[in-house]
Amino acid sequence: MQLFRTIFAAVALLLIGACQPTKTVNRSATTAPKNIILLIGDGMGLTQVSTSFYFSDQPSNFARFKHIGLHQNTPTDAKITDSASGATAFSTGFKTYNAAIGVDSDTMPQKTILEIAAAQGKSTGLVATSSITHATPAAFFAHVANRNSHEDIAADFMKTSVDFTAGGGLKFYHERSDRKDFLPELAGRGYQIDTSTLGQHYDASKPYIALLAADGLPKMTEGRGDFLPKATQMALQHLSQNKKGFFLMVEGSQIDWGGHANDGTYVIEEMKDFDKTIGLALDFAEKDGNTLVVVTADHETGGLALSSLQAFGRSDYGQINPTFSTGGHTAALIPVFAYGPGAERFMGIYQNNDIFGKMMEGFVK
Ligand SMILES: [Zn+2]
């Protein structure tokens with residue numbers, strides 16, 4: 000009878016186990032992402048996000064997120080942050096001073112999530128519509144005291160393992176004041192290199208770098224086309240070949256530039272492009288199941304408002320009129336959208352540098 004009971008209990012347990020959806024069987028594993036896609040909309044506050052609900056014929060991909068939070072981005076030396084200290088907070092977990100790239104407030108270099116992922120055998124990638132040496136991408140691989148040291152930043156790139164890179168900044172690798180040329184050096188290390196067309200010399204089995212403009216890439220309104228979504232799609236295919244996982248940072252760099260220019264159309268078109276790219280990242284993560292997607296910004300730019308039109312002393316609520324309050328950045332709290340394993344950690348209100356720890360939890364051993 001005892002034996003019968005034991006067998007019965009074992010069979011019952013097996014049946015219960017078989018009926019459980021696999022997702023709930025191993026609860027701890029569901030909060031540990033194998034892959035991370037961090038999408039940074041530079042200068043993208045809540046109003047910039049809102050444009051994707053009002054100025055696009057496509058449903059906004061932001062609406063696909065369930066786990067949403069806010070971060071405060073104050074740097075160590077000012078009230079309002081720039082992109083360098085903002086991105087360094089995400090990449091290293093340290094709040095720092097404006098203009099700092101991958102260094103803390105004492106200018107001490109701090110390891111970045113990209114470097115830590117690479118050291119663990121994961122693949123890494125960077126995609127941006129600015130120069131790869133521009134503040135946001137630079138903060139993931141370089142350690143320099145000032146963001147304007149583009150050539151030093153490119154030199155730091157040469158010390159890092161980045162498996163897939165696409166953006167601008169060719170002149171900082173190729174037409175340098177010290178007459179060094181990093182392209183032959185990269186080719187010698189087995190890199191496939193493109194300087195005019197994305198994917199022209201692509202080989203899935205080799206590291207890849209596309210530097211498609213001397214500095215930043217063209218605006219969407221000047222014909223950049225589908226560079227950002229296409230490069231992101233290529234990066235995801237390339238990096239997901241690694242069974243150990245990957246870290247990919249994608250920046251919609253020019254949302255910020257539209258804000259600085261107080262140009263509503265510039266912001267709206269850059270946001271559409273970024274929104275489309277977010278959609279691809281989410282599609283990948285939904286299929287994959289082990290990928291954490293985090294979408295946020297370093298800061299808001301322009302003090303953008305989606306204002307009503309003022310005419311003849313009256314407010315016209317029939318139209319949205321983008322207006323700006325500054326040519327610089329603002330101190331507004333910044334939304335964070337997360338999907339996938341660990342997404343719950345991004346709910347609530349926290350500091351910008353907390354995003355590093357929230358991403359790292361379970362990502363590396
Ligand atoms: Zn800016």
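Residue numbers for the sequence shown follow numbering that gives the first Met the number 0, beginning at 0 and rising by one.
For glycine and all other residues, C-beta sits at the position ideal for the given N, C-alpha and C.
Predicted, not measured: the structure shown is a model, and the values here were computed from it.
The continuous alpha helix (DSSP H) containing Phe-181 extends over residues 181-187.
Short of 6 Å from the beta carbon of Val-126, and not among the five residues preceding or following it, lie these beta carbons of its own chain, in chain order: Ala-165, Ala-230, Thr-231, Ala-234, Val-249.
In the three-state scheme derived from DSSP, where H, G and I count as helix and E and B as strand, Thr-194 is classed as coil. Taken from the Cβ of Thr-135, every heavy atom of ligand 1 lies 6 Å or farther away. Any heavy atom of ligand 1 within less than 6 Å of a residue's beta carbon puts that residue on the list, which reads Gly-42, Ser-82, Asp-255, His-259, Thr-300, His-328. When C-beta atoms of the stretch 83-90 are compared with those of the stretch 203-220, fewer than three pairs fall below 8 Å, so the two segments do not count as touching.
With a 10 Å radius around the Cβ and a threshold of 16 neighbouring Cβ atoms, Ala-77 comes out exposed. Arg-188 counts as exposed, since fewer than 16 other beta carbons sit within 10 angstroms of its beta carbon. Between Ser-160 and Thr-123, the beta carbon gap of about 6 Å places them in contact (Cβ cut-off 8 Å). The secondary-structure analysis by DSSP pairs Thr-300 across a beta bridge with His-328.
When DSSP reads this structure, Met-248 sits in a beta bridge with Leu-37, Leu-125. Excluding residues up to 5 positions away in sequence, Ile-192, Ile-208 lie with their Cβ nearer than 7 Å to the Cβ of Leu-185 in the same chain. Using a 10 angstroms sphere on the CB of Met-107, the tally of other CB atoms stays under 16, which defines it as exposed. Here Phe-246 really is in contact with Lys-121; their C-beta atoms are around 6 Å apart, less than 8 Å. Within the DSSP bridge table, the entry for Pro-108 names Val-102 as partners. About 19 Å separates the beta carbons of Asp-162 and Pro-228, which is beyond the 8 Å limit, so they are not a contact pair. In the DSSP assignment, Ser-314 falls within the beta strand (DSSP E) that extends over 313-322.
Going by C-alpha positions, Asn-72 is about 22 Å away from Ile-277. Under DSSP, Gly-167 forms a beta bridge with Ser-130.
Spatial neighbours of Ala-137 in its own chain (CB-CB distance under 6 Å, excluding positions within 5 residues in sequence) are listed in chain order as Ile-100, Ile-152. Within the stretch 208-271, complete alpha helix (DSSP H) segments of at least 4 residues are found at 226-238, 253-259, given in chain order.
Taking all protein chains shown into account, Gly-312 has fewer than 16 neighbouring C-beta atoms within 10 Å of its C-beta and is therefore exposed.
With respect to Phe-139, Thr-111 sits close: the two C-beta atoms are nearer than 7 Å.
In the DSSP annotation of this structure, the continuous segment of the beta strand (DSSP E) that includes Phe-336 starts and ends at 333-338. Ile-348 is bridged by DSSP to Leu-69.
Counting C-beta atoms within 10 angstroms of its own C-beta, Lys-243 has fewer than 16 neighbours from the protein chains shown and is therefore classed as exposed. For Ser-84, the secondary structure class from DSSP, reduced to helix, strand or coil, is helix. When DSSP reads this structure, Ala-31 sits in no beta bridge, so it has no partner. Scanning its chain for C-beta atoms nearer than 8 Å, with the 5 sequence neighbours on each side dropped, one finds around Ala-304 the residues Thr-46, Pro-321, Thr-322, Phe-323, Ser-324, in chain order. In the three-state DSSP reduction, Gln-199 falls in the coil class, being neither helix nor strand.
The beta-carbon separation of Thr-290 and Asn-34, rounded to 4 Å, stays under the 8 Å limit for a contact. Ranking Asp-297, Asp-274, Tyr-265, Gly-251 by CA distance to the CA of Gln-57 puts Asp-274 first. No residue range can be given for Thr-95, since it is assigned to no beta strand (DSSP E) and is classified by DSSP as neither H nor E. With fewer than 16 other beta carbons inside 10 angstroms of its own, Leu-308 counts as exposed.
When the alpha-carbon of Ala-62 is set against those of Thr-132, Ser-51, Leu-69, the nearest one is in Ser-51. By a beta-carbon distance limit of 8 Å, Ser-90 contacts Phe-355. Their separation comes to about 7 Å.
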